[in-house]
Amino acid sequence: RMVWVAWLSAPLLALLLALGAAAWRERRRAEAHHRRLYGDEPHARWWPWLYSMPAVLHHSGDLYEYFRELAARYGYRTHLMRLPGGLAFHHTADVRNVAHVLGDAFDRYEKGAEFRQQFHVFLGDGIFNADGAQWLRTRKLAARLFTRAHLVAMLDVFADHGARLVRLLRARADDVVDVQDAFSRLTLTAFSEIGFGVSVDALQGLGSDSQPPFARAMDAATLHMEHRFSNPFWRRMPFLAAERALLSACDTIDRFAYDVIDA
């Protein structure tokens, strides 16, 4: 029996040592690659081959709070988070960087092909998922909405629905109300009327899980899109519950849009 144990232990020990050596080499390679591309920019903890994936999965329920903690940990400097598949995310809490990316050098920063592919099922080729010349074209089209007359009309729509929300909240003065949900419903109700000429009336059922199908689909699509960022292999996993739910929600959104077009 001892001979068998020794015979099995030697290959297992060799395998563990080989894996340990490979992991050490991978970490050294990743660190050298990071220094070559990003200098001394700090980064979240890396695991061999998995990079920051374990932390992202662990914090999937509070991802933005985790990002805030990372920013505080690194003195609110720009820091890097890497995922398998060559994905790299730069997180910044520096207002100068935000001004540089969104204003001073806007043309130099694109969403990129990976981002556009991930969001295409939800956003298509619209302004929120476009780059370069295509973005300029969609921006020119959208700019027609922001004339003085249109802005006044938008304010009237928001004022009307905002007054209704106030009445609904006053009627529930003794109840606990999710304010984020209330404002989300207000925004969707007002913007659907402004953008489509049709109100989905998401304020109906405030304080409950009841929502119109379009509102439920928008919430579901937004939620499940996040899973693609934490799973670089989503293209090969259409069987995942999150992928099926995303496609179902986008189908509901498409049907609503085509009904508005055909009306």
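Heads up: the sequence shown at position 135 corresponds to 123 in the numbering used here, and the numbers run straight through without jumps. Beta carbons are placed, not taken as given, at the ideal position from N, Cα and C, and that holds for glycine. Quick caveat, the model's predicted, so the values are computed rather than measured.
In this structure, the beta-carbon distance from Pro220 to Leu75 falls below 8 Å. A residue is called buried when at least 16 other Cβ atoms come within 10 angstroms of its Cβ; Thr177 meets this threshold and is buried. Exclusion of the five residues before and after Tyr54 leaves His47 as the residues of its chain whose Cβ lies within less than 6 Å of its Cβ. If one requires a minimum length of 4 residues, the alpha helix (DSSP H) runs lying completely within the segment 73 to 136 are 83 to 87, 100 to 111, 120 to 131, in chain order. Every unbroken stretch of the alpha helix (DSSP H) spanning 4 or more residues and falling wholly within the segment 183 to 217 is given here in chain order: 201 to 217. Leaving aside the five residues that flank Arg16 on each side, none in its chain has a CB nearer than 8 Å to its CB. In this structure, Ser180 and Ser172 do not form a Cβ contact; the two beta carbons are roughly 12 Å apart against a cut-off of 8 Å.
Contiguous alpha helix (DSSP H) elements confined to the segment 6 to 74 occur at 41 to 46, 51 to 61, taking only those with 4 or more residues. Rounded to the nearest whole angstrom, the CA to CA distance from Arg70 to Val164 is 40 Å. Within the same chain, and ignoring the five residues on either side of Tyr39 in sequence, the residues whose Cβ sits closer than 7 Å to its Cβ are Arg70, Leu71, Pro72.
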